[in-house]
Every structure is written in C-alpha cells, then in structure tokens.
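For reference, the structure discussed in these notes is given below.
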Amino acid sequence: MKAALYLRVSTTEQNVDNQLPALEAYAESRGWQIVETYRENESAWRAGHQRELARLLADIRGGKRKYDVLLIWALDRLSRQGIGPLLQLINSFEVYGCHVVSVNESWTHPDAGPMREMFIAMSAWAAKFESDRRSERTKAGLARAIANGKKLGRPAGKKDKGKRKRTGYLLRYANKR
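Residues in the sequence shown are numbered from 1132 upward in steps of one, following this note's numbering.
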C-alpha cells in the first residue's frame, strides 16, 4: 500500500521531526511504502495556512498522486474545528480511496469497525473543546494583565528591525509610494 505522511505542529517553536520517526516506523511495520511527506509548521487557525494540506488534497483530487493511506500523528493534527469539518475532511480523502489513519488513535484504522466514525467525532469534539478552552484562558490572562496595568506588545519607541519577506500589500504597493 502507498502512504502519504502529513505532519503538522502549531508553532514555530515546535518541530515536525518529532512526529516523523513514529509515522515512518508505523508504515514500515505494516509494509506500507511512503510516497510523499507533507509538512506544516504553523497554526491551522491562521488564514492562509495549511498550504500543505491543500496541496495534499489537490494531489489526491487531481489524480497526481494515488495514496491508499494518509498517515497522521493524531486527528487534531488535521483539524480542531469540530466534528463536522473533521468528518468532512476525512470523507474528502476517503472518496478518493485514501484512508486516514492516526498513529496514536488505533480506532481510526479502516478495519476498526462501525464505531470508528463515532470515535472520530468524539475526538474532534474533544480537540475543539480543548482549543476553545486554551483560547479562553489566554484571553482571560491577557485581560487580567491589562486590568493590572501591564502594557502589552512592543515597548513604546522600539522599532521592529527584523527583516520581513515582502508579501501581499508590501509586494504590490511598496514601490509606488
């Protein structure tokens, strides 16, 4: 069987290389041939991210690549947006004959039986719930810091001297000023 690996981490401080050995070992133990590896290194919530996931879907839909299995670290690496979006995403792979299998969730295997979809739905709910709770705690902490007089952001008078890649507005209009 041909397998694609999809690795994703949420922040630039994390590294997808922590997931790679486990996925490779899982594929090898089942005799699956790894054909392609897709890597995401940023949060899925930010607009314009998950480019590799979009490329993976395009490869499958366009017939460029034929995978039997999409191997992931955990379901929340695909989506934390809730039950509907995750089931829809998994279905969009399976329509093209590509089964989604998580290394850490054995019940995601296509042979797992009729309870598979229910467990996937429960996992999707839990991932969204945890994501929402983390967001609430972060917002509460920031609000408390502001209420206590803490200034957030860059100190006044300090310039950001970091070099940035010119994209979007800067790329289109920087030379017209």
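All C-beta atoms, glycine included, are put in the ideal place defined by N, C-alpha and C. Keep in mind it's a predicted model, so treat the numbers as computed, not measured.
Q: Give the straight-line distance between the Cα atoms of residue 1250 and residue 1166, rounded to the nearest whole angstrom.
A: Taking the straight line from one Cα to the other gives about 28 Å.
(Q) Relative to the C-alpha of residue 1205, which candidate in 1286, 1273, 1292 and 1139 has its C-alpha closest? (A) 1139
Q. Looking only at C-alpha atoms, which of 1137, 1256 and 1285 sits nearest to residue 1213?
A. 1256
Q. Could you check where the alpha helix (DSSP H) with residue 1270 kicks off and where it finishes?
A. Here the alpha helix (DSSP H) through residue 1270 covers 1247 to 1278.
Q) Whose C-beta lies closer than 6 Å to the C-beta of residue 1241 among residues of the same chain, with five residues either side of it excluded? A) Sequence-distant Cβ neighbours of residue 1241 in its own chain, meaning closer than 6 Å and more than five residues away, are 1230.
Q. Can you tell me whether DSSP reads residue 1223 as helix, strand or coil?
A. helix
(Q) Could you pull the DSSP bridge partners for residue 1165 from this structure? (A) 1134
Q: Give the straight-line distance between the Cα atoms of residue 1239 and residue 1156, rounded to the nearest whole angstrom.
A: 17 Å
Q: Take residue 1191 and list the residues in its own chain whose beta-carbon comes closer than 6 Å to its own, dropping the five residues that flank it on each side.
A: 1227 and 1229
Q. Taking C-alpha atoms, which residue in 1279, 1223 and 1207 lies nearest to residue 1260?
A. Cα-wise, what sits closest to residue 1260 is 1207.
Q. Around the C-beta of residue 1119, are 16 or more other C-beta atoms found within 10 angstroms, so that it is buried, or is it exposed?
A. Missing from the structure shown is residue 1119; the chain here goes from 1132 to 1308 and no further.
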